[in-house]
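Worksheet: the structure to be examined is printed underneath.
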C-alpha cells in the first residue's frame, strides 16, 4: 500500500480574514491620526512664521524711520487728522530725501506709526511727504496680527527724546491655542 501524504488545501478562514481586516483598519486609523497631527503642526508652524515675519517687518520699518528721524514730534496734522505722540502713537520728523538719496535742506516728511483704530490688528504707517521726497504719501499697513504696540522714550518730553524703544507683539489663535510673537528694540534718532 502506497503511503499517501495528506495535503492540506484549506484556504483562508473567515476568522483569519476578519483579523487581517481589523489589523488593516487599525493601521489606517493610526496613519490617519498621524497625518492629522502633522497637518496641525504644519498649520501652527505656518502661523508662527507669519507672526514672526509680521513682527520683524513692523519693528524693522519703525526702527529704520526712527534712525532717520531728526525729532519726535509732540503732534502733527495730516489730511485734517491730528496725531499725538504717546505710548501707543509715534510721530516722527524725518529729513526729506530726494531720488538721488540726498537730503533736501530744510524739508521734512512726517511719519506716524499707530494701530489702526478700525482694525487694531493692523499696524499703520501714515506718511505726509514733502515735494520731491522718495517717500509716498498715504496710509500703509506694515504689520498684521498686532496685539500690542508700545513706545517708550528716554525723556518725558517726547520732543527732546533721543532714544525710543519699540515693543511689538502679534498673535493668532490656531485650533483654540494662542500663538504669539514679540520683539523689542531700542533705537537712537539720527545726530544732526
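Numbering (the numbering used here), first residue to last: 1385 to 1576.
In this text, a Cβ means the ideal position worked out from N, Cα and C, and glycines have one as well.
Keep in mind the model is a prediction, meaning the values are calculated, not measured.
Residue i, DSSP secondary structure in three states
| i | result |
| --- | --- |
| residue 1514 | coil |
| residue 1549 | strand |
| residue 1472 | coil |
| residue 1477 | strand |
| residue 1457 | coil |
| residue 1464 | coil |
| residue 1560 | coil |
| residue 1505 | strand |
| residue 1565 | strand |
First through last residue of the beta strand (DSSP E) which encompasses residue i
| i | result |
| --- | --- |
| residue 1491 | 1487-1500 |
| residue 1573 | Looking at the DSSP string, residue 1573 is not in any beta strand (DSSP E), and its letter there is neither H nor E. |
| residue 1536 | 1530-1537 |
| residue 1436 | Run containing residue 1436: none in the beta strand (DSSP E); it sits in the alpha helix (DSSP H), 1398-1452. |
| residue 1543 | Residue 1543 -> no beta strand (DSSP E), and no H or E assigned at all. |
| residue 1395 | Residue 1395 -> no beta strand (DSSP E), and no H or E assigned at all. |
Residue i versus the options, residue with shortest Cα-Cα distance
| i | options | result |
| --- | --- | --- |
| residue 1544 | 1560, 1446, 1526, 1572 | 1572 |
| residue 1563 | 1431, 1415, 1550, 1397 | 1431 |
| residue 1504 | 1421, 1448, 1552, 1478 | 1552 |
| residue 1473 | 1489, 1528, 1444, 1500 | 1500 |
| residue 1528 | 1401, 1433, 1421 | 1433 |
| residue 1567 | 1558, 1547, 1533 | 1533 |
| residue 1464 | 1401, 1444, 1512 | 1512 |
| residue 1480 | 1561, 1452, 1441, 1468 | 1452 |
Local Cβ density within 10 Å of residue i, reported as buried at 16 or more and exposed below that
| i | result |
| --- | --- |
| residue 1509 | buried |
| residue 1406 | exposed |
| residue 1395 | exposed |
| residue 1536 | exposed |
| residue 1485 | exposed |
| residue 1475 | buried |
| residue 1439 | buried |
| residue 1515 | exposed |
| residue 1409 | exposed |
| residue 1576 | Unreliable positioning characterises residue 1576 in this predicted model, as indicated by a pLDDT of 49, which lies under 50. The coordinate reading is nonetheless provided below. The residue in question, residue 1576, is exposed, as its Cβ has fewer than 16 Cβ neighbours within 10 Å. |
| residue 1435 | buried |
Contact test: residue i Cβ vs the ligand COA heavy atom, cutoff 7 Å
| i | result |
| --- | --- |
| residue 1519 | With respect to the ligand COA, the structure shown offers nothing to examine, as it has no ligands at all. |
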